[in-house]
Amino acid sequence: GAGMGLPAEVRDRVAAVHRGSALPERLRLYDGWAARYEQVRGRRGNGSAGGPWLSPLTAVSPQDVAALEYRAPHLAAASLAFAFPAPREGARLLDVACGTGLVAREVRSGRAGVNGTGRDGAGVTVPLSPQLHRRGFRCLHGVDGSAGMLEQARSTGLYQELRLCVLGREPLPAPAEHYDAVTVVGALGEGQVPSTVLPELLRVTKPGGFLCLTTRSNPSNLRYKAELEVALGQLEQSGAWQKLLAQEVEYWEKATTEEESTQGTGYISGVVYIYQKCPVPHLEEG
């Protein structure tokens, strides 16, 4: 059944974060688990299915991420690289709810040989741009609500700046129109970052800049996802941004229960959104 391929302790850790606990409890879980990463930091897996590093969504260990086949950071980075015009080295990117830096590892250098098309080739039509590997983002800032997670992110050396911020309770620690791209991967979910933060994400994004967002499509997150998509649509109708991509991904990560599984596949599904803040600059020909 779903989740039966996962060790019991992995299922328990993921369930502890996915269940509808209050945000302070979630942040305590993240801080409490930060010490686990020190024991396993630097170990590499076989590079398959989203990588061996910590998931900012589940706040479990690198081995747990590999076991879950958590693909969101890789798929989000590939989608952003496809939308974002090269060169990217001078672009400023804000990684919101950065965790220990899983997204940073993807957008900074990419990983060759990772198949983002999902199990048995299902679920993804986003081209995985080869420029993700050749032309990574270099100027990365991160924010997270967990001091423990930020310490682990700092140890990667991938971020130029890291700040503590509980999004939804306080504004982002950045001036208006400061970033060329903003990512929120794994934190837009029930009991985590509320959908009401979207205007704040837009505030710190430059006109013409890109926003890459993800959420899960499993049953326990469907109410949140519906609210999120209403908010996304309202901002588009108001002319705040334009949608470039809304890609459903069938094999997002392994399910921990049969109830969360997508049509008995043993996996939960998710979605990657790419938006561009208006006004979009006119590109001169030639």
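Mind the numbering: the sequence shown is residues 8 to 293 in the numbering used here, read in order. Glycine residues also receive a C-beta, built at the ideal position from the N, C-alpha and C atoms.
For Glu207, the CB contacts under 8 Å within the same chain, skipping 5 residues up- and downstream, are Leu174, Pro178 and Leu179 in chain order. Leu87 carries a helical assignment under DSSP once its states are collapsed to helix, strand and coil. By the criterion of a C-beta distance shorter than 7 Å, Ala253 is surrounded in its chain by Val278 and Tyr280, once the five residues flanking it on both sides are discounted. In this chain, the beta strand (DSSP E) harbouring Pro214 covers Thr212 to Arg223. By the criterion of at least three beta-carbon pairs nearer than 8 Å, the segment 256-269 is in contact with the segment 220-233. Using a Cβ distance threshold of 8 Å, Pro182 and Cys285 do not count as a contacting pair.
DSSP, read as helix, strand or coil, puts Leu165 in coil. Judged by DSSP in its simplified three-state form, His148 adopts strand. Here Ala79 is not near Gly149, since their CB atoms are 8 Å or more apart. Exposed is the label assigned to Gly97, since fewer than 16 other Cβ atoms lie within 10 Å of its Cβ. Cα atoms of Val204 and Tyr166: separation of roughly 23 Å, rounded to the nearest angstrom. Note that the C-beta distance between Val200 and Ala104 is below 8 Å.
With fewer than 16 other Cβ atoms inside 10 Å of its own Cβ, Gln270 counts as exposed. For secondary structure counted as the alpha helix (DSSP H) over 4 or more consecutive residues, the segment 226-291 holds these complete runs in sequence order: 229-244. Gln159 sits buried, since 16 or more C-beta atoms from the chains shown fall within 10 Å of its C-beta. Note on geometry: alpha-carbon atoms of Tyr231 and Leu195 lie some 8 Å from one another. DSSP places Val191 inside the beta strand (DSSP E), whose first and last residues are Tyr186 to Val191. Arg170 is bridged by DSSP to Val150.
Take the alpha-carbon of Asp187 and the one of Ala93: they are about 12 Å apart.
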